[in-house]
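Let me begin by presenting the structure, written as structure tokens, before commenting on it.
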Amino acid sequence: GIQVEQSPPDLILQEGANSTLRCNFSDSVNNLQWFHQNPWGQLINLFYIPSGTKQNGRLSATTVATERYSLLYISSSQTTDSGVYFCAVDGTQGGSEKLVFGKGTKLTVNP
Amino acid sequence: KAGVTQTPRYLIKTRGQQVTLSCSPISGHRSVSWYQQTPGQGLQFLFEYFSETQRNKGNFPGRFSGRQFSNSRSEMNVSTLELGDSALYLCASSLMRNQETQYFGPGTRLLVL
Numbered sequence: 008g009i010q011v012e013q014s015p016p017d018l019i020l021q022e023g024a025n026s027t028l029r030c031n032f033s034d035s036v037n038n039l040q041w042f043h044q045n046p047w048g049q050l051i052n053l054f055y056i057p058s059g060t061k062q063n064g065r066l067s068a069t070t071v072a073t074e075r076y077s078l079l080y081i082s083s084s085q086t087t088d089s090g091v092y093f094c095a096v097d098g099t100q101g102g103s104e105k106l107v108f109g110k111g112t113k114l115t116v117n118p
Numbered sequence: 005k006a007g008v009t010q011t012p013r014y015l016i017k018t019r020g021q022q023v024t025l026s027c028s029p030i031s032g033h034r035s036v037s038w039y040q041q042t043p044g045q046g047l048q049f050l051f052e053y054f055s056e057t058q059r060n061k062g063n064f065p066g067r068f069s070g071r072q073f074s075n076s077r078s079e080m081n082v083s084t085l086e087l088g089d090s091a092l093y094l095c096a097s098s099l100m101r102n103q104e105t106q107y108f109g110p111g112t113r114l115l116v117l
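Going line by line, the protein sequences match chains Z and W. Residues are numbered in the working numbering as their position in the first sequence, beginning at 1, plus a constant of 7. Residues are numbered in the working numbering as their position in the second sequence, beginning at 1, plus a constant of 4.
Have a look at this one:
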């Protein structure tokens, strides 16, 4: 099956710093989503981005489908950005809502 | 529009018991998927339902089962609970199948003693 690798596994920042999280995947995808898991376990949708670039406030994401990677940018980080960021993909076999998740990047933003 | 809701939020069971978890998707969403999250295995796909039919199943034993009702609400059942079933169980819904954003509920934390 498709493999998803996220890097770095852990990231510690000072408030106000910028960061880039990476997601590599091993096969073509129809669906790629970025999630933020808060301390209570809720997965919050950040982006649905199988290709191209999107921006939402201080967050933006880029997926280069031909090179099989996606990047999540966080600018001017805040303590509330802390948590685990997951990339999830679905292969191009289609007919399935199965998402395959990476192991996540644990982000800690210190005041 | 209300988000995905899951009940109960927390559950404590003992080995050998069975448990039923419930998920109500976003209004109008017809696809419901279930995931298990553990510290060791991460987030793993359990199964997907659409139009009351299981469309896809992950690599879990037959003790894990589910169903979907005509109003798209879904339940999952775990029989003969084992300690390793302790996990966060997450439900996700999407409007249709394929190439759709999935929205997750808050999860049910199950502890098996």
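No residue lacks a Cβ here, since even glycine has one placed at the ideal position from N, Cα and C.
{"Query": "Burial state of Z/W41 (16 or more Cβ within 10 Å)", "Result": "buried"}
{"Query": "Any chain Z beta carbon closer than 8 Å to W/L92", "Result": "yes"}
{"Query": "Chain W contact residues for Z/W47, given Cβ-Cβ distances below 9 Å", "Result": "P110, G111"}
{"Query": "Beta-carbon gap between Z/T115 and Z/P16 smaller than 8 Å", "Result": "no"}
{"Query": "Spatial distance of Z/S2 from Z/E12 (CA atoms)", "Result": "Lying before the first or after the last residue shown, residue 2 of chain Z is absent from chain Z, which here runs from 8 to 118."}
{"Query": "Distance, W/Y107 Cα to W/Y53 Cα", "Result": "14 Å"}
{"Query": "Cβ of Z/K105 within 8 Å of any chain W Cβ", "Result": "yes"}
{"Query": "Closest Cα partner of Z/L39 within the set Z/C30, Z/N45, Z/P46", "Result": "Z/C30"}
{"Query": "Cβ-based contacts, 7 Å cut-off: residues of the region 32-57 of chain W near chain Z", "Result": "S35, S37, G46, L47, F49, E52"}
{"Query": "Beta bridge counterpart(s) of W/L87 as assigned by DSSP", "Result": "Beta-bridge pairing links W/L87 to no other residue."}
{"Query": "Outcome for W/M80 when other beta-carbon atoms lying within 10 angstroms are tallied against a minimum of 16", "Result": "buried"}
{"Query": "Backbone secondary structure at W/E52 - three-state DSSP", "Result": "strand"}
{"Query": "W/Q106 at chain Z interface by Cβ criterion, 8 Å", "Result": "yes"}
{"Query": "Any chain Z beta carbon closer than 8 Å to W/N60", "Result": "yes"}
{"Query": "Min CB distance Z/N117 to chain W below 8 Å", "Result": "no"}
{"Query": "Bridge-paired residues (DSSP) for W/L114", "Result": "W/L15, W/A91"}
{"Query": "Strand pairing of W/R71, partner residues [DSSP]", "Result": "W/E79"}
{"Query": "Stretch-stretch touch, CB-based, cutoff 8 Å, three pairs: the region 85-96 of chain W with the region 108-115 of chain W", "Result": "yes"}
{"Query": "Limits of the unbroken beta strand (DSSP E) element including Z/D17", "Result": "17-21"}
{"Query": "Cβ-Cβ distance between W/K5 and W/V116 below 8 Å", "Result": "no"}
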